[in-house]
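Residue numbers (my numbering): 101 to 282.
Each residue gets a CB set at the ideal place from its N, CA and C atoms; glycine is no exception.
And the structure:
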């Protein structure tokens, strides 16, 4: 299974939760990005609230779409994704805790938000572990076979060069002998 696709899917789903109610109550349903929520949380605008609340999911989506071939940078990327999703959980807990108070309960958007953040953390841990060097016996045997083939080819070339050099030296010795006899 492609864990990277799961990471991308859960991140997109986490981003889409801003359309769903994050807090629901007896007669209320609050979308996370609304003027009422922004004014209650004393945010300057809903855009700033969106960046604080959903910015980590946006950065996670961008990082998960980037193709990194270096193992070191790939692992750094997954550590950043894990930290971003821990941040999203902390922000979501503080904001929904403030919004919930004593009335209402967590809405669909709030529950899915938690699910997506936790899923991203687990998928990133799996990808972090798989991102390492996985050396298998078959791979080592292939490398050894190629090494033996290169070694044999090098030995054949070296043998031919040595035979040619010996033949040339013998010719020169014979030429010097014949020149000295005359």
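query                                                                                                                     : result
Can you tell me whether residue 155 is helix, strand or coil according to DSSP?                                           : helix
Measuring straight from C-alpha to C-alpha, what distance separates residue 273 and residue 259?                          : 21 angstroms
Alpha carbons only, please: which of 228, 104, 190 and 246 is nearest the one belonging to residue 165?                   : 104
Residue range of the alpha helix (DSSP H) that residue 190 falls in?                                                      : 171-200
Do the stretch 177-194 and the stretch 152-160 touch if we need at least three Cβ pairs shorter than 8 angstroms?         : yes
In whole angstroms, what is the alpha-carbon distance linking residue 107 and residue 160?                                : 9 angstroms
Does residue 223 pass the burial test, meaning 16 or more other C-beta atoms within 10 Å, or should it be called exposed? : buried
I need the straight-line Cα distance from residue 233 to residue 241, nearest angstrom please.                            : Note that residue 233 scores a pLDDT of 42, beneath 50, so its modelled location is shaky and nothing firm can be said.
Where do the N-terminal and C-terminal ends of the alpha helix (DSSP H) with residue 139 fall, by residue?                : 135-140
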